[in-house]
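J.:
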Amino acid sequence: MKKYDVIVIGSGMGGMTIANKCAKKGLKTAVTDSRPYGGTCALRGCDPKKILVGAAEIIDRANKMKGIGIQGHISINWQDLMAYKNELVSKMPKNVEKGYEKSGVEMYHGTASFESENTVRIGDDLLEADKIVIATGARPVVLDIPGGNLPIDSTDFLNLGKLPEHITFIGGGYIAMEFAHLAVRAGSKVTIFHRGKMPLESFESDIVKHLVKATEELGIELHLEWDVVAVEKKDSGYTVKAESKGGEKTIQTNLVVNAAGRVPELDGMNLEKANISYGKKGIDVNEYLQSLTNERVYAAGDAADSKGLNLTPVAVMEGHAVATNIIRGNSKKPDYTEMPSSVFTLPTLAAVGMTEAQAKKAGLEYQVKASSASSWYNAKRINESTYAYKIISDKEGYILGAHIIGPHAEEMINLFAMTIKAKLKVSDIRDMVYSYPSMASDIGSMV
1 MKKYDVIVIG SGMGGMTIAN KCAKKGLKTA VTDSRPYGGT CALRGCDPKK
51 ILVGAAEIID RANKMKGIGI QGHISINWQD LMAYKNELVS KMPKNVEKGY
101 EKSGVEMYHG TASFESENTV RIGDDLLEAD KIVIATGARP VVLDIPGGNL
151 PIDSTDFLNL GKLPEHITFI GGGYIAMEFA HLAVRAGSKV TIFHRGKMPL
201 ESFESDIVKH LVKATEELGI ELHLEWDVVA VEKKDSGYTV KAESKGGEKT
251 IQTNLVVNAA GRVPELDGMN LEKANISYGK KGIDVNEYLQ SLTNERVYAA
301 GDAADSKGLN LTPVAVMEGH AVATNIIRGN SKKPDYTEMP SSVFTLPTLA
351 AVGMTEAQAK KAGLEYQVKA SSASSWYNAK RINESTYAYK IISDKEGYIL
401 GAHIIGPHAE EMINLFAMTI KAKLKVSDIR DMVYSYPSMA SDIGSMV
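Listed below in structure tokens is the structure:
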């Protein structure tokens, strides 16, 4: 049996942060992953997705400027784009391993399963540690319907060698919406089935309505309040059956993508052997991200049932907190004051802080400033028709929440996050001098 101070299960950004930080402080540290090192974001999520979205952005901008200075037709060569994406992504595992080697982290490859409260088995190796961290991320939810195993998942989509003529997405979260906007600009017909009244249900509904309109104007068939009840394989593709209060619908499609959500990746870990309590949202943890039932164990990122959103920057932030608590004892609580998030549709939707519904539920006194900004100069200069905002502030003028849809919203939202973090008031934002003409220069007029 090999003994360590710290074992980290998972090599994504959260686990990577913990392992490197602990090793650099002199703790004997090991890391393991059942997949190539790097985690979901770097290998099969945010990063490869954004490479593909970058090509779609060029198509979108050219189409909107066609006839007003741009002429001719451009299109996405899917095979070339995927080759470029693969070239960039393929370098990540070795780069991560080099980082571990430099920090002095010992590496294992394989699924970790607990043998006791402080031992794990990885293949033929049995390891013991004072502290064990679960940072395994999340996986796609299993569709509990006939043919639920037939749709591909987000990882498969990001590795498609050829884009089919017609793609159907099950779900209305950020994965479905982002991939749908990418696929339609790459030339595919796209259908979405979502059981809810609106897609992106955790975002501000007034802003999502603008995205729904833009999505439908692209020709994407968005079926809301429809439950997919079965998927069948046919020679020419798939049959998708859906139901709603109004009846039934059956469509033929070339490909079906499971975008119905993600759940913590905890399968096969034998958590019960280690007395680790968990639920549907992950490992049960206290305010220091320590297991409620096994003080030797911590969790971070999507695997932890914390107050954090399932976002890479949040996993990194939680990773720093866990590493500090392992090194110094429980002394650092993760700070969830501001967690900006973006949906990389075109246009982009971005948010930070509370929605109006959350502010109302919390019983806060608040005020709202919201409007379409499609008539503003920054929209007109690029012929963008979808541009809107909704800003929520308290009675003292502090920002409670900011919600934007429009060009570069993912960049603008970071300024609002900084405003919340620094506890700046609306008056401070208005008084600030901005670079002009830039999208950020509109922020002063939004508050």
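Residues 1 to 447 in the UniProt record's numbering are what the sequence shown spells out, letter by letter. Where a beta carbon is used, it is the ideal one built from N, C-alpha and C, also for glycine.
1) Given that a residue counts as buried once 16 or more other Cβ atoms are within 10 Å of its Cβ, and exposed if not, what is P146?
2) How do the segment 79-87 and the segment 361-380 stand: do at least 3 beta-carbon pairs fall below 8 Å, yes or no?
3) Under 8 Å: do the segment 326-338 and the segment 46-65 share three or more Cβ pairs, one atom per stretch?
4) In chain order, what are the residue ranges of uninterrupted alpha helix (DSSP H) at least 4 long that sit wholly in the segment 10-84?
5) If you pair each beta-carbon of the segment 213-229 with each one of the segment 125-137, do three or more pairs fall below 8 Å?
6) Is the Cβ-Cβ distance between T191 and R44 less than 8 Å?
7) Would you kindly check if the distance between the Cβ of K273 and the Cβ of F114 is under 8 Å?
8) Sort out for me which residues DSSP pairs K369 with in a bridge.
9) Are there 16 or more other CB atoms within 10 angstroms of the CB of T250, so buried, or fewer, so exposed?
10) Using only CA atoms, which one of I170, V96, N270 lies nearest to L224?
11) Three-state secondary structure (DSSP) at P199?
12) Taking 8 Å as the cut-off, decide whether the C-beta atoms of I283 and A315 are in contact.
13) Within a Cβ cutoff of 7 Å, which residues of the same chain sit near T419, ignoring the five residues on either side of it in sequence?
14) Contact check, T32 vs G137 under 8 Å by CB: the rounded distance?
15) Excluding sequence positions up to five away, which residues of its chain have a Cβ less than 7 Å from the Cβ of residue 454?
16) Nearest by alpha-carbon distance to E221: which of V426, H194, A230, H210 is it?
17) With a threshold of 16 other CB atoms inside 10 Å of the CB of N95, please say whether the residue is buried or exposed.
18) Determine the closest residue to C41 out of G15, N294, R296, with distance taken between C-alpha atoms.
19) Is P334 helix, strand or coil by DSSP?
20) Between the C-alpha atoms of E87 and K98, what's the straight-line distance to the nearest angstrom?
21) Scan the segment 263-348 and note each continuous alpha helix (DSSP H) run of 4 residues or more that stays entirely inside, going in chain order.
22) Just curious, the alpha helix (DSSP H) that I156 is in, first and last residue?
23) Alpha carbon to alpha carbon, what distance is there between V133 and S34?
24) Judging by CA-CA distance, which residue of E117, M446, Y387 is the nearest neighbour of L415?
25) Any chance the segment 291-305 sits against the segment 384-400, with 3 or more Cβ pairs inside 8 Å?
26) Assess contact between the segment 226-242 and the segment 203-210, defined as three or more Cβ pairs (one per stretch) separated by less than 8 Å. Is contact present?
27) Just tell me which of A180, K21, Y37, Q252 has its CA closest to the CA of S90.
28) Do you know whose CA, among H166, L311, T312, lies nearest V257's CA?
29) Determine the direct distance from the alpha carbon of L292 to that of P347, and round the result to whole angstroms.
30) Would you call K202 buried or exposed, if buried means 16 or more other Cβ atoms sit within 10 Å of its Cβ?
31) Excluding sequence positions up to five away, which residues of its chain have a Cβ less than 7 Å from the Cβ of A323?
32) Taking 7 Å as the limit between beta carbons, can you name the residues of its chain near A373, skipping five residues before and five after?
33) Should A183 be flagged as near chain D, meaning a C-beta pair shorter than 8 Å?
34) My output table needs one value for T111: the three-state DSSP class, helix, strand or coil.
35) Return helix, strand or coil for D442, following the three-state DSSP convention.
36) How many angstroms separate the CA atom of I413 from the CA atom of V343?
T.: On the basis of the coordinates in this document:
1) Mapped onto the sequence shown, residue 146 falls at position 146. By the 10 Å Cβ count, P146 comes out exposed.
2) no
3) Counting Cβ pairs under 8 Å, fewer than three are found: no touch.
4) 13-24, 39-44, 46-65
5) No: fewer than three Cβ pairs fall under 8 Å.
6) For the purposes of this step, residue 191 is taken as residue 191 along the sequence shown, with counting starting at 1. For the purposes of this step, residue 44 is taken as residue 44 along the sequence shown, with counting starting at 1. Not in contact: T191 and R44 (Cβ atoms no closer than 8 Å).
7) Indexing the sequence shown from 1 puts residue 114 at position 114. Indexing the sequence shown from 1 puts residue 273 at position 273. Here F114 is near K273, since their CB atoms are less than 8 Å apart.
8) The sequence position of residue 369 within the sequence shown is 369, counting from 1. According to DSSP, which records beta bridges pairwise, K369 is partnered with I391.
9) Here residue 250 corresponds to residue number 250 of the sequence shown, with the count starting at 1. Under this definition T250 is an exposed residue.
10) For this step, residue 224 is matched to residue 224 along the sequence shown. The candidate whose alpha carbon is nearest that of L224 is I170.
11) Residue 199 sits at position 199 when you count from the first residue of the sequence shown. Of the three classes helix, strand and coil, the one that applies to P199 here is coil, per DSSP.
12) Within the sequence shown, numbered from 1, the residue matching residue 283 stands at position 283. Within the sequence shown, numbered from 1, the residue matching residue 315 stands at position 315. Not closer than 8 Å, so no.
13) Within the sequence shown, the letter at position 419 stands for residue 419. Once the five neighbours on either side are set aside, the close Cβ partners of T419 are I399, I429.
14) As a first step, residue 32 is located in the sequence shown; it is residue number 32 there, counting from the start. As a first step, residue 137 is located in the sequence shown; it is residue number 137 there, counting from the start. Their Cβ separation, rounded to whole angstroms, is 13 Å, which puts T32 and G137 out of contact at 8 Å.
15) This structure cannot speak to residue 454, because the chain is shown only from 1 to 447.
16) Walking along the sequence shown from the start, residue 221 turns up at place 221. When only C-alpha atoms are compared, the closest one is H194.
17) In the sequence shown, residue 95 corresponds to position 95, counting from 1. Counting Cβ neighbours within 10 Å, N95 comes out exposed, since fewer than 16 surround it.
18) Mapped onto the sequence shown, residue 41 falls at position 41. Taking only the C-alpha atoms, the option nearest C41 is G15.
19) Locating residue 334 in the sequence shown gives position 334, where the first residue counts as 1. In this structure, P334 counts as coil in the three-state DSSP scheme.
20) Here residue 87 refers to the residue found at position 87 when the sequence shown is read from its first residue. Here residue 98 refers to the residue found at position 98 when the sequence shown is read from its first residue. Straight-line Cα distance between these residues: approximately 18 Å.
21) List check, alpha helix (DSSP H) in window: 312-328.
22) As a first step, residue 156 must be located in the sequence shown, where it is residue number 156. With the sequence shown as reference, residue 156 is identified as Asp, and Ile is not the correct amino acid for it. Per DSSP, D156 is one residue of the alpha helix (DSSP H) stretching across 154-157.
23) In the sequence shown, residue 34 corresponds to position 34, counting from 1. In the sequence shown, residue 133 corresponds to position 133, counting from 1. If you take the alpha carbons of S34 and V133, they lie about 15 Å apart.
24) Stepping through the sequence shown from its first residue, residue 415 is reached at position 415. Comparing Cα positions, the closest option is M446.
25) no
26) no
27) Translated into the one-based positions of the sequence shown, residue 90 becomes position 90. Proximity to S90 across A180, K21, Y37, Q252 peaks at Y37, based on C-alpha coordinates.
28) Reading the sequence shown from its first residue, position 257 is the one you call residue 257. For the residues H166, L311, T312, the minimum Cα distance to V257 belongs to H166.
29) If you number the sequence shown from 1, residue 347 lands on position 347. If you number the sequence shown from 1, residue 292 lands on position 292. About 42 Å.
30) Position 202 of the sequence shown, counting from 1, holds the residue named residue 202. What sits at residue 202 in the sequence shown is Ser, not Lys. Result: exposed.
31) For the purposes of this step, residue 323 is taken as residue 323 along the sequence shown, with counting starting at 1. Counting only Cβ-Cβ distances below 7 Å, and skipping sequence neighbours, we find T17, I18, K21, C22.
32) Taking the first residue of the sequence shown as position 1, residue 373 is located at position 373. Within its own chain, the residues whose Cβ lies closer than 7 Å to the Cβ of A373, once the five positions on either side in sequence are excluded, are A379, Y387, A388, Y389, G406, D442, listed in chain order.
33) In summary, chain D is missing from the structure at hand, where a single protein chain is found.
34) Within the sequence shown, the letter at position 111 stands for residue 111. DSSP places T111 in coil when its eight states are reduced to three.
35) For this step, residue 442 is matched to residue 442 along the sequence shown. Reduced to three states, the DSSP call for D442 is helix.
36) Counted from its first residue, the sequence shown places residue 413 at position 413. Counted from its first residue, the sequence shown places residue 343 at position 343. Going from the Cα of I413 to the Cα of V343 covers about 12 Å.
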